[in-house]
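Worksheet: one structure, shown below.
There are 2 protein chains.
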Amino acid sequence: MYSSLAAPNRTDPGPAFSLVREGETLESLFAAQPSETFASGQAVFWEGDASSHLFQLTEGCLRLYRILSDGRRAVTGFVFPGESLGVSFQGPHLYTAEAVTPVRLNRLSLSRLYAAVDASVHLRQQLLARMYRDMSAAQHLIILLGQLSAEERVASFLLSAGRRSGADRSRPLTIDLPMSRLDIADYLGLTIETVCRVFSKFKRDGLIALEGRQRIVLRHPAALQALAGGGGEDSGEAKSVRLTARAH
Amino acid sequence: MYSSLAAPNRTDPGPAFSLVREGETLESLFAAQPSETFASGQAVFWEGDASSHLFQLTEGCLRLYRILSDGRRAVTGFVFPGESLGVSFQGPHLYTAEAVTPVRLNRLSLSRLYAAVDASVHLRQQLLARMYRDMSAAQHLIILLGQLSAEERVASFLLSAGRRSGADRSRPLTIDLPMSRLDIADYLGLTIETVCRVFSKFKRDGLIALEGRQRIVLRHPAALQALAGGGGEDSGEAKSVRLTARAH
DNA sequence: CGTTATTTTGACCCATGTCAATACGGGTGG
DNA sequence: CCACCCGTATTGACATGGGTCAAAATAACG
Chain P
0 MYSSLAAPNR TDPGPAFSLV REGETLESLF AAQPSETFAS GQAVFWEGDA
50 SSHLFQLTEG CLRLYRILSD GRRAVTGFVF PGESLGVSFQ GPHLYTAEAV
100 TPVRLNRLSL SRLYAAVDAS VHLRQQLLAR MYRDMSAAQH LIILLGQLSA
150 EERVASFLLS AGRRSGADRS RPLTIDLPMS RLDIADYLGL TIETVCRVFS
200 KFKRDGLIAL EGRQRIVLRH PAALQALAGG GGEDSGEAKS VRLTARAH
Chain C
0 MYSSLAAPNR TDPGPAFSLV REGETLESLF AAQPSETFAS GQAVFWEGDA
50 SSHLFQLTEG CLRLYRILSD GRRAVTGFVF PGESLGVSFQ GPHLYTAEAV
100 TPVRLNRLSL SRLYAAVDAS VHLRQQLLAR MYRDMSAAQH LIILLGQLSA
150 EERVASFLLS AGRRSGADRS RPLTIDLPMS RLDIADYLGL TIETVCRVFS
200 KFKRDGLIAL EGRQRIVLRH PAALQALAGG GGEDSGEAKS VRLTARAH
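Residue numbers (numbering that gives the first Met the number 0), protein chains in the order written: chain P, 0 to 247; chain C, 0 to 247.
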């Protein structure tokens, strides 16, 4: 199951810059690192820690959060397989990263990253692109939190989860929400109760179906899209709403 | 669509770019560019435009915002002198940048930036540091919008304005808020009326004094700090203040 | 000065938070 | 395989922070 990772524990490069091949990508750099696992609830790093690595998730789900001095928690994001983590590394980590489910990831040390990046314009571009994605996600969240109503936030969240947890692209789009309702609430700036109520309302209205506690079927993504308001709109990927194709 | 932005094969920088002096800084690069001015209300660039330059503000104030499809506006930040703009340039601009007051800024083309950055590790560090600051600001806003009450948001905003518009560091700290109440409201995820009411309350409580529409005296920053809750706490800048202050 | 846009204040209401039961589901041990 | 338990989720009743609508006050500007 985990075995598919190429070249597990390949012997590591000595002098860092020696192995920057032509055509190297961040992807391949990550793939060359040994992979590690974390159990649910375990932290990969803590807010305020000095950044020392970049990470790329291969399995599972992480939540990113900060705790305020009075105990409130702000979840600033979730990380799904294929996404990277810690790309804003020019200072201490801005959040704690914690496993929602068992997680597998590859860790690339900053010294290796720098060596590679110093040697390749192409890699610099890729790194910048990942930082851009991160910033883009943060900006979306700012809009969600600053301008959207509870229903708009939840609709927006479900659509984005549908896009990313992607795996299951079949037409009654079924998504898996590994995180708890509390995680979702802290991410959307709402309470658990409000998140539940909106889920229930969407269910009553036939927009979604709840299968157990983690599986949700998006029965009518287009309607959710409309509900998500000006907020969740395009965001590139969203256009692949071929999901809507079901115009029975 | 993003293609025009990359600087793929820059093996031979043009003659003009070949001289990246030792000790070059982003600061000095900007300083070498001609400066331009914008009148109040004029846009420097629009959301969705291809990124083609980095900017550094020398005078005035900018607001950064996005407009949702139904007309709502989210102000995602303000820019004050000395701060840079457009550092997430690996894709289209994420917001519109518009002059709040008459503005003066320097514009550095991406091609020059790439040339300089390709030639200097030091400059790469500086660029990453600016991106980090940007991300850090976005994360603060996420916490403010997701977790803080109206009073906490306003207190937090005033303190941050005090830190940045900085000029006047004297002890009844007087700050200048060039932006309108609507700008502030759209930034804090509140309405104009709520912003006014909180200002009035702070005034009644002796925390601030309003001098005309733009000048505000912070009479009791410590109390504002306490009000700002877990949210506004340190914020980096505060640390550097502490570092310099402790020279006894 | 008079005119207009912006800000401030007031009265009222609603979306969402709070507090309090249930109800469900996923493990565990019998 | 079933019965029980406990943490999570859901629903309900109620409270309230902040939104909405409307008017008055103030500042900016010709």
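Think of the CB as a built atom: it goes at the ideal place given N, C-alpha and C, for glycine as much as any other residue.
**Report entry** Cβ-Cβ distance between C:Gln89 and P:Ala136 below 7 Å
**Finding:** Sequence index remark: in the second sequence, residue 89 of chain C carries index 90 (1-based). Sequence index remark: in the first sequence, residue 136 of chain P carries index 137 (1-based). Taking 7 Å as the Cβ cut-off, C:Gln89 and P:Ala136 do not qualify as a contacting pair.
Query raised in the report: At a CB-CB cut-off below 7 Å, which residues of chain P make contact with C:Thr75?
Result: On the second sequence, position 76 is the one that residue 75 of chain C refers to. The contacting residues are Gln138 and Ile141.
**Report entry** Spatially closest choice to C:Phe156 from C:Phe77, C:Arg132, C:Leu209 and C:Lys200, by CA coordinates
**Finding:** Here residue 156 of chain C refers to the residue found at position 157 of the second sequence. When each option's Cα is compared against that of C:Phe156, the closest is C:Phe77.
Query raised in the report: C:Leu25 CB to nearest chain P CB: under 7 Å?
Result: Along the second sequence, one-based indexing puts residue 25 of chain C at 26. For C:Leu25, the answer is no, since every Cβ of chain P falls outside 7 Å of its Cβ.
Report task. Determine which residues of the segment 64-90 of chain P have a Cβ less than 7 Å from any Cβ of chain C, and write them out in chain order. Result -> Arg65, Leu67, Ser68, Asp69, Arg71, Ala73, Thr75, Ser87, Gln89 and Gly90
Query raised in the report: Should P:Glu97 be labelled buried (16 or more other beta-carbon atoms within 10 Å of its own) or exposed?
Result: On the first sequence, residue 97 of chain P is found 98 positions in, with the first residue counted as 1. By the neighbour-count rule (16 or more Cβ atoms within 10 Å), P:Glu97 is buried.
Query raised in the report: What three-state label does DSSP hand P:Glu35 in the structure shown?
Result: Residue numbering aside, residue 35 of chain P sits at position 36 when the first sequence is read from its first letter. P:Glu35: strand per DSSP, three-state reduction.
Requested in this report: Could you tell me the distance, in whole angstroms, from the CA atom of P:Ser110 to the CA atom of P:His52?
Outcome: For the purposes of this step, residue 110 of chain P is identified with residue 111 of the first sequence, where counting begins at 1. For the purposes of this step, residue 52 of chain P is identified with residue 53 of the first sequence, where counting begins at 1. Going by the C-alpha atoms only, they are around 8 Å apart.
Report task. Identify, in the order they occur along the chain, each residue of the same chain with its Cβ nearer than 7 Å to the Cβ of P:Leu144, setting aside the five sequence neighbours on each side. Result -> Along the first sequence, read from residue 1 onward, the residue named residue 144 of chain P stands at position 145. Excluding positions up to five away in sequence, the list reads Gly188.
Query - Residue closest to P:Gln55, alpha-carbon to alpha-carbon, out of P:His121, P:Thr36 and P:Gly70 - result: For the purposes of this step, residue 55 of chain P is taken as the residue at position 56 of the first sequence. For P:Gln55, the nearest C-alpha among the options comes from P:Thr36.
Query raised in the report: With a cut-off of 7 Å, does the C-beta of P:Met178 fall near any C-beta of chain C?
Result: Locating residue 178 of chain P in the first sequence gives position 179, where the first residue counts as 1. It does not: the Cβ of P:Met178 has no partner Cβ on chain C nearer than 7 Å.
Query - Enclosing beta strand (DSSP E) for C:Gly76 [first to last residue] - result: Residue numbering aside, residue 76 of chain C sits at position 77 when the second sequence is read from its first letter. From DSSP, the beta strand (DSSP E) with C:Gly76 extends over Arg72 to Val78.
**Report entry** Closer than 7 Å to chain P by CB, C:Ala160
**Finding:** Start at 1 with the first residue of the second sequence, and residue 160 of chain C comes out as number 161. Not an interface residue.
Requested in this report: Would you list the one or two residues that DSSP bridges to P:Arg103?
Outcome: Within the first sequence, residue 103 of chain P is the residue found at index 104, counting from 1. In DSSP, P:Arg103 forms a bridge with P:Thr36 and P:Glu58.
Query raised in the report: On the three-state DSSP scale, how would you describe C:Leu53?
Result: Within the second sequence, residue 53 of chain C is the residue found at index 54, counting from 1. Correct three-state label for C:Leu53: strand.
Query raised in the report: For P:Glu23, which of P:Val116, P:Ser39, P:Tyr64 and P:Glu58 has the nearest alpha-carbon?
Result: By one-based count along the first sequence, residue 23 of chain P stands at place 24. Closest by alpha carbon: P:Val116.
Query raised in the report: Which value, in whole angstroms, describes the spacing of the CA atoms of C:Gly85 and C:Asp175?
Result: Here residue 85 of chain C is taken as the residue at index 86 of the second sequence, counted from 1. Here residue 175 of chain C is taken as the residue at index 176 of the second sequence, counted from 1. For C:Gly85 and C:Asp175, the distance between alpha carbons rounds to 24 Å.
Requested in this report: Can you give me the start and stop residues for the alpha helix (DSSP H) that P:Val116 sits inside?
Outcome: Locating residue 116 of chain P in the first sequence gives position 117, counting from the first residue. Taken as a continuous stretch (DSSP letters only), the alpha helix (DSSP H) holding P:Val116 covers Leu109 to Ala118.
Query - Interfacial residues, the segment 114-130 of chain C to chain P, with Cβ spacing under 7 Å - result: Asp117, Val120, Leu127, Ala128 and Met130
Query raised in the report: Do C:Ala73 and P:Ile142 have their C-beta atoms closer together than 7 Å?
Result: By 1-based counting over the second sequence, the position of residue 73 of chain C is 74. By 1-based counting over the first sequence, the position of residue 142 of chain P is 143. Taking 7 Å as the Cβ cut-off, C:Ala73 and P:Ile142 qualify as a contacting pair.
Query - Residue(s) in a DSSP beta bridge with C:Tyr64 - result: Locating residue 64 of chain C in the second sequence gives position 65, where the first residue counts as 1. Bridge partners of C:Tyr64: C:Val74 and C:Thr95.
Query raised in the report: From P:Ser27 to P:His92, what does the alpha carbon distance come to, in whole angstroms?
Result: Within the first sequence, residue 27 of chain P is the residue found at index 28, counting from 1. Within the first sequence, residue 92 of chain P is the residue found at index 93, counting from 1. Straight-line Cα distance between these residues: approximately 24 Å.
Report task. Using a Cβ cut-off of 9 Å, pull out every chain C residue sitting near P:Leu107, in sequence order please. Result -> Here residue 107 of chain P corresponds to residue number 108 of the first sequence, with the count starting at 1. Those do not exist, as P:Leu107 stays about 15 Å from chain C at its closest Cβ, beyond 9 Å.
Requested in this report: Go through its chain and collect everything with a Cβ distance to P:Leu107's Cβ below 7 Å, but skip five positions before and after it.
Outcome: Numbered from its first residue, the first sequence carries residue 107 of chain P at position 108. Correct list, in chain order: Leu28, Phe29, Gln32, His52 and Leu53.
**Report entry** Own chain residues within Cβ distance below 6 Å of P:Val197, not counting five before or after
**Finding:** On the first sequence, position 198 is the one that residue 197 of chain P refers to. Answer for P:Val197: Ala149, Glu150 and Val153, listed in chain order.
Query raised in the report: Helix or strand or just coil, what does DSSP make of P:Val86?
Result: Within the first sequence, residue 86 of chain P is the residue found at index 87, counting from 1. DSSP places P:Val86 in coil when its eight states are reduced to three.
Query raised in the report: Can you give the beta carbon distance from C:Thr57 to C:Pro80, rounded, assuming they're within the 8 Å contact cut?
Result: Taking the first residue of the second sequence as position 1, residue 57 of chain C is located at position 58. Taking the first residue of the second sequence as position 1, residue 80 of chain C is located at position 81. Right, the Cβ-Cβ distance comes to about 6 Å (below 8 Å), so this counts as a contact.
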